[in-house]
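**Q** Its first residue numbered 1, the sequence shown is counted upward by one per residue in UniProt numbering. C-beta: ideal position from N, C-alpha, C; glycine also.
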Amino acid sequence: MTDIEGSLKMIFGAEEIRQSSLEHLSRYSVLLQMKKGQHLYREREEIVTVYAVVSGTAALYKMNAMGEKKVIFVLGKGSILNEEILQDLPEPVSCEIMEAAEILAIPRKQLLSLMETDGRLMRFLFSSQSHKVRRLYRQLKNTTNATRGEKKMAAKLWKLARDYGKKEEGGVRICLKLTVTQIADMLGTKRETASRQLKVLVEHGLVRYDKNTFVIPNPDALNRYFKE
Numbered sequence: 001m002t003d004i005e006g007s008l009k010m011i012f013g014a015e016e017i018r019q020s021s022l023e024h025l026s027r028y029s030v031l032l033q034m035k036k037g038q039h040l041y042r043e044r045e046e047i048v049t050v051y052a053v054v055s056g057t058a059a060l061y062k063m064n065a066m067g068e069k070k071v072i073f074v075l076g077k078g079s080i081l082n083e084e085i086l087q088d089l090p091e092p093v094s095c096e097i098m099e100a101a102e103i104l105a106i107p108r109k110q111l112l113s114l115m116e117t118d119g120r121l122m123r124f125l126f127s128s129q130s131h132k133v134r135r136l137y138r139q140l141k142n143t144t145n146a147t148r149g150e151k152k153m154a155a156k157l158w159k160l161a162r163d164y165g166k167k168e169e170g171g172v173r174i175c176l177k178l179t180v181t182q183i184a185d186m187l188g189t190k191r192e193t194a195s196r197q198l199k200v201l202v203e204h205g206l207v208r209y210d211k212n213t214f215v216i217p218n219p220d221a222l223n224r225y226f227k228e
């Protein structure tokens, strides 16, 4: 099991937080062991804890008016999940554990207090939130009606390969067990539609898929495909 102080250093970076702040947060933070499929929190819940991923992966998603799930982010080691609750409002999204995870739970009150005196900590949290906003902008670009479904899937798989890929003979393996249903949730589409789109990419030789494992033979070729 990972220690709390080591987890804080990994999340914030040894140079991004003062030692006094690190020691303070260590006294109040806890590590949670989460199983695949568990929810850390759900949309509209009022919580007072900031969560960060120490190991494993978690998905942030929303449900639309039709009761369909739309995954917004898949976040792994080192990611803060819910900086937005520093605003003292209900959670705007739900968080589901995709792979068994160790989650660091930090009381919001303690973070807000430290942000008043630790400028580096404040900058880090702003930077983390800004990174998510920029990712959302890119997602909006890739989810316009003018973009064909298979290109949207190509863009999503390329991003997953970049973030969670491992090079091996024959390409880059995405180190997440992903079903077609989960990919459909990320794209905000039906499973049947995602299955047809995946078939197109497989037929083009851009993706290999077997037993919930995706391999990208040539990430550069996949990148060119969705940008054409």
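On a CA-only basis, which of Leu201, Gly170, Pro90 is nearest lysine 151? Give me that one, please.
**A** Selected option, being the one with the closest Cα: Leu201.
**Q** Could you please give the first and the last residue of the uninterrupted beta strand (DSSP E) stretch that includes threonine 181?
**A** Segment 180 to 187 is the alpha helix (DSSP H) holding threonine 181; no beta strand (DSSP E) there.
**Q** Output the distance between the C-alpha atoms of isoleucine 80 and alanine 155, rounded to the nearest integer angstrom.
**A** Whole-angstrom Cα-Cα distance: 23 Å.
**Q** Below 8 Å CB to CB, which residues in the same chain sit around methionine 63 once its five sequence neighbours on both sides are set aside?
**A** Hits under 8 Å: Glu43, Lys69, Lys70, Ser94.
**Q** Hey, glutamate 83 and valine 50 are a contact pair by Cβ (cut 8 Å); roughly how many whole angstroms apart?
**A** About 7 Å separates the two Cβ atoms, so the contact holds.
**Q** Going by DSSP, what residue range makes up the alpha helix (DSSP H) through leucine 201?
**A** Element bounds for leucine 201: 191 to 203.
**Q** Per DSSP, what are the beta-bridge partners of aspartate 210 in this structure?
**A** Bridge partners of aspartate 210: Thr213.
**Q** Which class does glutamate 45 belong to by DSSP, given the choice of helix, strand or coil?
**A** Reduced to three states, the DSSP call for glutamate 45 is coil.
**Q** Along the chain, where does the beta strand (DSSP E) containing methionine 66 start, and where does it finish?
**A** Careful: methionine 66 lies outside any beta strand (DSSP E) and carries neither H nor E.
**Q** If you draw a straight line from the alpha carbon of arginine 108 to that of isoleucine 47, how long is it in whole angstroms?
**A** Cα to Cα, arginine 108 sits roughly 9 Å from isoleucine 47.
**Q** Would you list the residues sitting across from proline 107 in a DSSP beta bridge?
**A** Proline 107 is bridged to Thr49.
**Q** Would you say serine 26 and leucine 40 are within 8 Å of each other, going by their C-beta atoms?
**A** Their beta carbons are not under 8 Å apart, which means serine 26 does not touch leucine 40 by this criterion.
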